[in-house]
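Notes to accompany the following structure.
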Amino acid sequence: MVGNLAELVRAAARRSPDRPALKTGSGATSWGELDAQVDAAAAALRGLGLAPGDRVALSLDNTPDFPVAYFGVLRAGLVAVPLNPGATAQELRWTLGDSGARAVVVRPAGRDLLAPLTGELAALEHVLVAGQDGDWPALLARSAGGPVEHVGEGEELAVLLYTSGTSGRPKGAMLPHRALLANLDQTARIEPPVMTADDVVLLVLPLFHVYGLNAVLGALALHGATGVLVERFDPVDTLAELRRSGVTNVVGAPPMYVAWSMLPDLAAAFTGVRLALSGAAPLPPSVLRRVREATGRDVFEGYGLTETAPVLTSTLMSERVQPGSIGRPVPGVELRLVDERGRPVEEGDPGEIVVRGPNVFAGYWPDGADGPDADGWFATGDVAYLDADGDLHLVDRRQELVLVSGFNVYPREVEDVLVTHPEVQEAAVIGVPHPYTGEAVKALVVRTPGSRLTAADVVAHAARSLARFKCPTAVEFVPELPHGATGKVRKGRLREGLV
1 MVGNLAELVR AAARRSPDRP ALKTGSGATS WGELDAQVDA AAAALRGLGL
51 APGDRVALSL DNTPDFPVAY FGVLRAGLVA VPLNPGATAQ ELRWTLGDSG
101 ARAVVVRPAG RDLLAPLTGE LAALEHVLVA GQDGDWPALL ARSAGGPVEH
151 VGEGEELAVL LYTSGTSGRP KGAMLPHRAL LANLDQTARI EPPVMTADDV
201 VLLVLPLFHV YGLNAVLGAL ALHGATGVLV ERFDPVDTLA ELRRSGVTNV
251 VGAPPMYVAW SMLPDLAAAF TGVRLALSGA APLPPSVLRR VREATGRDVF
301 EGYGLTETAP VLTSTLMSER VQPGSIGRPV PGVELRLVDE RGRPVEEGDP
351 GEIVVRGPNV FAGYWPDGAD GPDADGWFAT GDVAYLDADG DLHLVDRRQE
401 LVLVSGFNVY PREVEDVLVT HPEVQEAAVI GVPHPYTGEA VKALVVRTPG
451 SRLTAADVVA HAARSLARFK CPTAVEFVPE LPHGATGKVR KGRLREGLV
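In this text, residue positions in the sequence shown follow full-length UniProt numbering: the first is 1, and each later residue adds one.
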């Protein structure tokens, strides 16, 4: 699969022009209608004087505006820069400035946020407001439309996705059409199939995130399936939507399953669901068990990165679903575990995950820095080990490793112990400087409502399961932890003291 990702929309429209592509509370859009709207968007953007390779930012919610604008940008040969519509002015100033975006399509609520920035961003020429009364739909209505074709080559840049910036400023991962299409092909080769043309797929994951963008929206176009667009996740409403829309595929993140697992009508809502997937962060084993007991279905976990478009492994590739496992590599992905010197680790030992495949990105914007090495291998920064069955288990991020007197402490190991305390709702562990041991373990803990848990209680609980050097020497109780769009705790903000 080489070419332009937007060709998938055209192909779906030719195969099944009347099949619903997108459903919302207000109606449905067929693949034929979506294809025509994408043509109008591509022509409108070209009509603004934008040329192939120019960047167009998308700061939009999960509404039909997003797929129309996204595929329109790609069809015009432009580069999409998806942004979190909830980003602050400071975050927008950085990503828009760094990407050199010439245009941005923004939701109505973002207009005022962008207004004071336009004078600072020399490259930004067009702020297009979506929504019923915005200038973006008016621009589409005036567009000459007609088929727009920019096939290009697979190595042309399609998407510039800014990573979450766990340390320092976010970096733009350069994803060419080749990488996005390759990952769609890789996941399409999984058996049983992740998605088919007959599936109805829940589209509640944020589309500005690589997981929702390619693993869901891209796959939807590849297969010509039907997507049910949901703007924001509400546990009760989304469970009702599963039944109302006949959803067969749930592609989610751990916070969704955590919330659903506590609702009494989970089983009834999942009656028509044939496949449930989770990614972006580890799914707590207790939640997997609760969903399995309630519905009789497994939740299949996957692992991936923005830089790999995104899927690398899945428990769909395993012989059985094991709590805490991220499965095995999907077809077409090579994976190995290496030590600090790049040598293969001993059997059963943890090592950094390095990967190779056509889905790997082209490096970071603008010059391709820190991309794959000369042999195509990319070091993920994640540490994992292989169990006796050949399945992978994540240990932690290498950059989050805490060195206590020269001994390795993986924060996730400590966090997994802390959250087993009945009065701990959530916990995050970071390393802090220590005059004698170099670093020490600090735990940030969210207590359950009404809890009187003390720091001494937390340390004593950890000591029952962990070696002394792994136990927290400092405990801070916080009302909440900062999370990214898919529920992952933002450790960079914790280290900056911005809880």
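Backbone N, C-alpha and C fix where the C-beta goes; we use that ideal spot for every residue, glycine too.
Residue i, enclosing beta strand (DSSP E) - first and last residue
i	result
Asp382	378-386
Lys442	438-447
Ile431	According to the sequence provided, residue 431 is Gly. The question's Ile does not apply to it. 424-434 is the span of the beta strand (DSSP E), which, as asked, contains Gly431.
Tyr303	300-304
His126	126-129
Lys470	Looking at the DSSP string, Lys470 is not in any beta strand (DSSP E), and its letter there is neither H nor E.
residue 515	Only positions 1 to 499 of the chain appear in the structure, and residue 515 is not among them; the question remains open.
Thr295	Counting along the chain, Thr295 falls outside any beta strand (DSSP E), though it belongs to the alpha helix (DSSP H) covering 285-295.
Val459	Counting along the chain, Val459 falls outside any beta strand (DSSP E), though it belongs to the alpha helix (DSSP H) covering 455-463.
Leu275	275-278
His393	392-397
Bridge partner(s) assigned by DSSP for residue i
i	result
Ile353	Leu337
Glu120	Beta-bridge pairing links Glu120 to no other residue.
Arg244	Answer by DSSP bridge pairing: none, since Arg244 is not bridged.
Val159	Ala80, Leu175
Asn408	Leu403
Arg328	Ser314
His483	Val489
Tyr364	Ala173, Ala369
Ala28	Lys23
Phe477	Val445
Leu50	For Leu50, which the question treats as bridged, DSSP gives no partner whatsoever.
Contacting residues, own chain, Cβ-Cβ under 7 Å from residue i (five flanking each side not counted)
i	result
Glu125	Arg102, Ala103
Ala379	Glu352, Val354
Pro176	Gly154, Glu155, Glu156, Leu157, Ala158, Ala362
residue 526	Nothing about residue 526 can be reported from this structure: the residues present for the chain run from 1 to 499 only.
Arg10	Asp35
Thr473	Ala440, Val441
Thr306	Leu161, Thr163, Ala173, Val210
His150	Asn4, Pro52, Arg75, Ala76, Gly77
Arg169	Trp94
Where the alpha helix (DSSP H) containing residue i begins and where it ends
i	result
Lys171	First-last for Lys171: undefined, no H or E at that position.
Gly32	31-47
Asp65	65-75
Val414	411-418
Leu114	111-114
Gly492	491-495
Gly97	89-99
residue 518	Missing from the structure shown is residue 518; the chain here goes from 1 to 499 and no further.
Residue i versus residue j - alpha carbon distance
i	j	result
Val273	Glu191	17 Å
Glu7	Ala253	28 Å
Thr238	Pro264	14 Å
residue 506	Leu78	No answer is possible for residue 506: the residues shown for the chain start at 1 and end at 499.
Ala362	Asp396	24 Å
Ala221	Asn214	10 Å
Pro235	Leu242	11 Å
Leu275	Gly49	44 Å
Asp339	Glu347	12 Å
Lys470	Leu481	21 Å
Pro116	Gly110	11 Å
Pro479	Ser26	37 Å
residue 515	Thr29	The first residue shown for the chain is 1 and the last is 499, placing residue 515 beyond what the model contains.
Glu413	Thr420	12 Å
Leu202	Val250	5 Å
Pro323	Pro284	8 Å
His483	Gly86	13 Å
residue 514	Trp260	Past the boundaries of the shown model lies residue 514; the chain is included only from 1 to 499, so the question cannot be answered.
Phe233	Leu92	23 Å
Val200	Val247	5 Å
Gly357	Asp370	16 Å
Val446	Val424	6 Å
Leu128	Asp61	14 Å
Leu337	Glu293	34 Å
Val68	Gly327	34 Å
Sequence-distant residues of its chain with Cβ nearer than 6 Å to residue i (five each side left out)
i	result
Val321	Asp298, Thr315
Pro206	Gly212, Ala485
Gly302	Gly279, Val311, Ser314
Pro372	Val360, Phe378
Phe270	Thr295
Own chain, CB closer than 8 Å to residue i, minus 5 neighbours either side, in chain order
i	result
Gly131	Asp65, Arg107, Pro108, Pro137
Leu5	Phe71, Leu74, Ala158, His177, Leu180, Leu181, Gly218, Ala221
Gly152	Gly3, Asn4, Pro52, Gly77, His177
Min CB distance residue i to chain B below 7 Å
i	result
Pro422	No chain B appears in the structure shown, which is made up of a single protein chain.
| field | At least 3 beta-carbon pairs within less than 8 Å: the stretch 343-351 vs the stretch 370-388 | value | yes
| task | Count the C-beta pairs between the stretch 242-260 and the stretch 38-51 that are closer than 8 Å, then say yes if the count reaches three, no if not. | result | With a cut-off of 8 Å, the stretch 38-51 and the stretch 242-260 do not count as touching, because too few Cβ pairs lie within range.
| Any chance the stretch 487-497 sits against the stretch 452-460, with 3 or more Cβ pairs inside 8 Å? | Because the criterion of three Cβ pairs below 8 Å is not met, the stretch 487-497 and the stretch 452-460 do not touch.
| query | Counting Cβ pairs, one atom from each stretch, are 3 or more of them under 8 Å apart for the stretch 366-380 and the stretch 179-193? | reply | no
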